[in-house]
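Engineer: Numbering follows my numbering, in which position 87 of the sequence shown is assigned residue number 95; successive positions increment by one, without gaps.
All residues carry an ideal CB built from backbone N, CA and C; glycine is no exception.
Okay, here's the structure, questions in a sec.
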Amino acid sequence: MAIGTLAFGVGIFAGVAFAAANPPPNPCSASAGVPKLVSPCRHYSLKLNPLLTPQAPAMGLFLKVHIDGGPALRLLLDSGAQYIVLDKRAAALSGRSSGDTLELVGLGAAAKAARRVAPGTVEIGDLLLRDCDMLAVDAKVLEGVDGVIPMSLFAGFLVHFDVPGKTLDLEPYPYNPPTPDDGFSPARSDHSLLFLQAVLNESQAGYLLLDTGAAYNAVSLAAARAWKNYRILSATISLRGGTGDTDGFLLPPGVHFRFGSRVLSADPAVVVDLSDFVRHHQFEVAGILGYPALRRSIVTIDYRDALVRVDTR
């Protein structure tokens, strides 16, 4: 029995890249791979807007973005994406329509074709970033937005993602990296995506993808098998994402993720096939830490040193 439809973020995955150990001299630069900051290296506070749909009352937060001086686009802020992804209409409005074909890889769905288009300049308020990588797809990415923007686009800053406050604060990196005493947890960095070591329901340990663009939290089929009778207790649900549609199981309430001493409620959570994630990342992925688990939190992300801190309000 299908009881609803939900949406997940978009990403393209390949290879493994770990963060540099030494801080760079430029306080607004995480690595050579991030876009070039054109505006001054200083603090920025960007307004976030809630994405609301009949299917999911709180699916995520989006930014209003101008590409190459074009009209404002609504782009979902998605730490589970590697590139800016525009739908056909948004790509046309931004003057982008052709390029090499790539594959988007998602949750249990067949890969969807995307086109690599020319990099562009991104303007959000007073913030200006140049040489931002972009993809275009022919279909709608998600209802209510024109595409997605990766959190890692701001990797040149220490990122404060304030979900209840609906702000994205960016500040220059301190010269010295944070310490464990600062409440940060180490993350595995794989092509601009971050994976946190966690324990699911005190029974299954593994890596969770930090994915602010996912409308539900998720558990892999392999991790769910550690919970007896999960299929009997779960209802079938249709999953909709930028890469296509698939089916999963909605778990009963009570799912939680633990990171060290911090415990986050993972309701609502679904069981999905993450085999494509495993194949592309070449390590086991136990689940997805999505927007619902973070809706009362301020998430601080240090891409330079691959560290994440979650503070719950």
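Whole angstroms are fine: how far does the CA of Arg303 sit from the CA of Leu60?
Structural biologist: In the sequence shown, counting from the first residue as 1, residue 60 sits at position 52. In the sequence shown, counting from the first residue as 1, residue 303 sits at position 295. Spanning the two alpha carbons is a distance of roughly 13 Å.
Engineer: Return yes when the C-beta of Ser211 is under 7 Å from any heavy atom of the ligand SAH, and no when it is not.
Structural biologist: Questions concerning the ligand SAH fall outside what the structure shown contains, since it holds no ligand whatsoever.
Engineer: Counting only the same chain and skipping the five closest in sequence on each side, list residues whose C-beta sits under 7 Å from that of Arg138.
Structural biologist: Here residue 138 refers to the residue found at position 130 of the sequence shown. So the qualifying residues of the chain are Pro43, Lys44, Val46 and Thr129.
Engineer: Do Ser200 and Gln90 have their beta-carbon atoms positioned less than 8 Å apart in this structure?
Structural biologist: Here residue 90 refers to the residue found at position 82 of the sequence shown. Here residue 200 refers to the residue found at position 192 of the sequence shown. It is a contact, given that the beta carbons lie within the stated cut-off.
Engineer: Give the secondary structure of Val318 by DSSP, where H, G and I count as helix, E and B as strand, and everything else as coil.
Structural biologist: Reading the sequence shown from its first residue, position 310 is the one you call residue 318. The answer is strand: DSSP assigns Val318 an E or B state.
Engineer: Give the DSSP-derived three-state secondary structure of Lys96 in the structure shown.
Structural biologist: For this step, residue 96 is matched to residue 88 along the sequence shown. DSSP places Lys96 in helix when its eight states are reduced to three.
Engineer: Are Asp134 and Ser102 close, meaning C-beta to C-beta below 8 Å?
Structural biologist: Here residue 134 corresponds to residue number 126 of the sequence shown, with the count starting at 1. Here residue 102 corresponds to residue number 94 of the sequence shown, with the count starting at 1. Going by C-beta atoms, Asp134 is not nearer than 8 Å to Ser102.
Engineer: Which residue marks the beginning of the alpha helix (DSSP H) containing Leu229, and which one marks its end?
Structural biologist: Locating residue 229 in the sequence shown gives position 221, counting from the first residue. Element bounds for Leu229: Leu229 to Ala232.
Engineer: In its own chain, which residues sit with a C-beta less than 6 Å from the C-beta of Ile309, not counting the 5 before and 5 after it?
Structural biologist: The residue you call residue 309 lines up with position 301 of the sequence shown. Around Ile309: Val167 and Val316.
Engineer: Among Ser193, Ala99, Val125 and Asp177, whose alpha-carbon lies nearest the alpha-carbon of Val318?
Structural biologist: Here residue 318 refers to the residue found at position 310 of the sequence shown. Ranking Ser193, Ala99, Val125 and Asp177 by Cα distance to Val318 puts Ser193 first.
Engineer: In angstroms with no decimal places, state the Cα-to-Cα distance between His5 and Ser197.
Structural biologist: The requested residue 5 is not part of the displayed model; the chain covers only 9 to 321.
Engineer: Just verifying my parser: in three-state terms, what is the DSSP assignment at Arg196?
Structural biologist: As a working note, residue 196 is residue 188 in the sequence shown. Strand, per DSSP.
Engineer: From the DSSP output, in three-state form, read off Met67 for me.
Structural biologist: On the sequence shown, position 59 is the one that residue 67 refers to. Met67 falls in the coil class under three-state DSSP.
Engineer: I think Leu85 touches Gly68, with their Cβ atoms under 8 Å apart; what is that distance to the nearest whole Å?
Structural biologist: Within the sequence shown, residue 85 is the residue found at index 77, counting from 1. Within the sequence shown, residue 68 is the residue found at index 60, counting from 1. At roughly 7 Å, the Cβ-Cβ gap stays under 8 Å, so Leu85 and Gly68 are in contact.
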